[in-house]
Amino acid sequence: MTSDAFLAAEDVSKRFVLPVLWSERVAARFTRRGWIAPVRVVHAVESVSLFIRRGEVLGLVGESGCGKSTLGRVLTGILPASSGQVLLEGKPIMNAAGRKIDRRIQMVFQNPYASLNPRNRVGRAIAEGPLAHGLTTPAGAAAYVGGWLTRVGLDASCADRYPHEFSGGQRQRIAIARALAMQPEVLICDEPVASLDVSIQAQIINLFLQLRRELSLTMLFISHDLGVVRHLCDRVAVMYLGRIVESSPTASLYEAPQHPYTRALLASVPKLRLDQEAASFRPIAGELPSPLAPPSGCAFHARCALVQPICLSDVPPLRPIAEGREAACHVVTAGDARTIPQPPGPGKPRETPFTDKKIDFDRDSE
Ligand SMILES: Nc1ncnc2c1ncn2[C@@H]1O[C@H](COP(=O)(O)OP(=O)(O)OP(=O)(O)O)[C@@H](O)[C@H]1O
Ligand code: SF4
Ligand SMILES: [Mg+2]
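Residue numbers (the numbering used here): 888 to 1253.
Written out as structure tokens, the structure reads:
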């Protein structure tokens, strides 16, 4: 953990205990005495330690179901960690009772329609939090809300309308305005453009770039889109079955991915080439194991071409492999890092807008 960490997760785990099924209750009642229905635990996030520097954008990538949203919710304080803690400027964001005590971290969700109450006018949805935290007064709420709507590219008059009156892109702008109205210093964005069409995605990403510059925001950007992450993020953390398996400055990760899972993930990005009849796909072999019963040792061992005997028994720790780079693999060691390009300077906001004309799918390292 670096000393200049602004937001940090320290050995954070999050497990969900699933309720006993009705059929299991019946079975427990009628089978022999002493039989107890098994407790099923989802290991959604396991021993994650990561940090984000002030003003930095950290990307979080990984297959569906690997625990990205759960980690995002724990980092925001929406979910309490099962163990470990989240620190903002070195102080826990939760109190002893598991309640969030720091409003400086806010979240933007994937589906803006689901995250906005359809019965509330937009102005009310945005003003609720700031009023509760004393960031505005009832008399000043309209002007306060109008200011944030304008900031995200909407007209202040939108406050009087309902969420269903807006397009998907506009709704996501409203959701961003609602998060920003809490005057956060850290924004956790969980697939914020995934539900939008490509041209609208570009507009929202440009909005994030603009807001980041203007408000000096620190961001965690969760996304499936490795192209967007490459453009937007300073560093990237790669997650596999609840654990971070590699973290690196963005340029180095895309130029020379080290962990076998990162390599497979980047190689699986669809490549569209005009000189080929069909798009080329190299999906990762096998499936993500169940977080209900994580494999022993390295969770990637059943899908890894480099697997060694030790991988079946020992969980590889996340350790430094080059300056600013870490990987959790028994095979990838610091010696390999001689070939890794050195990272560029930390956390410089990008000036160039994300193109809204074309999405280049041929941007990975392979
Ligand atoms: N409230 C919950 N109760 C039980 N299991 C849960 C809960 N929330 C998440 N999970 C499980 O935790 C695991 C991680 O889920 P999570 O939503 O964090 O993954 P994800 O990486 O965000 O996936 P996606 O990319 O599809 O959004 C999944 O197996 C999921 O089913
Ligand atoms: S620890 Fe072993 S199984 Fe896991 S990624 Fe490295 S080589 Fe593959
Ligand atoms: Mg998710």
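For glycine and all other residues, C-beta sits at the position ideal for the given N, C-alpha and C.
Beta-bridge pairing of residue i - partner residues as DSSP gives them
i: Y1127; result: R1130
i: R1100; result: Answer is none; R1100 lacks a bridge partner.
i: V948; result: V1125
i: E1142; result: Answer is none; E1142 lacks a bridge partner.
i: S1108; result: According to the sequence displayed, residue 1108 carries Phe and not Ser. Note: F1108 sits in a beta bridge opposite G946, C1076.
i: F938; result: A895
i: E1213; result: S1134, P1207
i: V904; result: V928
i: I980; result: I980 pairs with nothing; no bridge assigned.
i: I992; result: V1073
Proximity of residue i and residue j at Cβ, strictly below 7 Å
i: L1041; j: R1011; result: no
i: Q1145; j: P1071; result: no
i: V995; j: I1063; result: yes
i: T1023; j: P1017; result: yes
i: Y1141; j: F1187; result: no
i: C1191; j: P1203; result: no
i: A1014; j: V1039; result: no
i: T963; j: I1075; result: yes
i: C1120; j: V948; result: no
i: R1212; j: S1135; result: yes
i: S900; j: G971; result: yes
Residue i Cβ short of 6 Å to ligand 3 heavy atom set
i: K978; result: no
Distance cut-off 6 Å: residue i Cβ against heavy atoms of ligand 1
i: F1095; result: no
i: K955; result: yes
i: S1134; result: no
i: G952; result: yes
i: F1108; result: no
Run of the alpha helix (DSSP H) containing residue i, from where it starts to where it stops
i: F996; result: No alpha helix (DSSP H) contains F996, which DSSP labels as neither H nor E.
i: I1013; result: 1009-1019
i: L1119; result: 1113-1119
i: F917; result: 909-917
i: I1063; result: 1055-1067
i: S956; result: 955-963
i: P1147; result: 1147-1154
i: R1038; result: 1028-1038
Euclidean distance between Cα positions of residue i and residue j
i: S1110; j: P1079; result: 8 Å
i: V1125; j: R1099; result: 22 Å
i: G942; j: G977; result: 16 Å
i: H1051; j: L894; result: 35 Å
i: D1249; j: E933; result: Low per-residue confidence applies at D1249: pLDDT is 36, beneath 50, and the placement is therefore not dependable enough to give any value.
i: Q1195; j: P1207; result: 20 Å
i: T1149; j: Q1057; result: 34 Å
i: K955; j: R1122; result: 16 Å
i: L958; j: A1138; result: 24 Å
i: L1104; j: L1096; result: 10 Å
i: S910; j: V926; result: 14 Å
i: A1089; j: S936; result: 31 Å
i: V907; j: P1181; result: 20 Å
i: L1152; j: E1210; result: 22 Å
i: R991; j: M1069; result: 7 Å
i: Y1340; j: H930; result: For residue 1340 there is no data in the structure shown, the boundaries of the chain being 888 and 1253.
i: P967; j: V961; result: 6 Å
i: D891; j: L974; result: 12 Å
i: R912; j: F903; result: 19 Å
i: F1108; j: D1077; result: 6 Å
i: A1046; j: D989; result: 26 Å
i: R986; j: G946; result: 26 Å
Residue i Cβ short of 6 Å to ligand 2 heavy atom set
i: C1185; result: yes
i: V1194; result: yes
i: H1188; result: yes
i: V1125; result: no
i: V1202; result: no
i: C1198; result: yes
i: H1254; result: This structure does not reach residue 1254, given that the chain is present from 888 up to 1253, and the question cannot be answered.
i: P1005; result: no
Limits of the beta strand (DSSP E) - the one that residue i falls within
i: I1075; result: 1073-1077
i: S1177; result: Looking at the DSSP string, S1177 is not in any beta strand (DSSP E), and its letter there is neither H nor E.
i: L974; result: 970-975
Any non-hydrogen atom of ligand 4 closer than 6 Å to residue i Cβ
i: V961; result: In the structure on display, ligand 4 does not appear, and the ligands it does have are ligand 1, ligand 2 and ligand 3.
Minimum Cβ-Cβ distance from residue i to chain C less than 7 Å
i: D1047; result: As a matter of chain content, chain C is missing from the structure shown, which is built from one protein chain.
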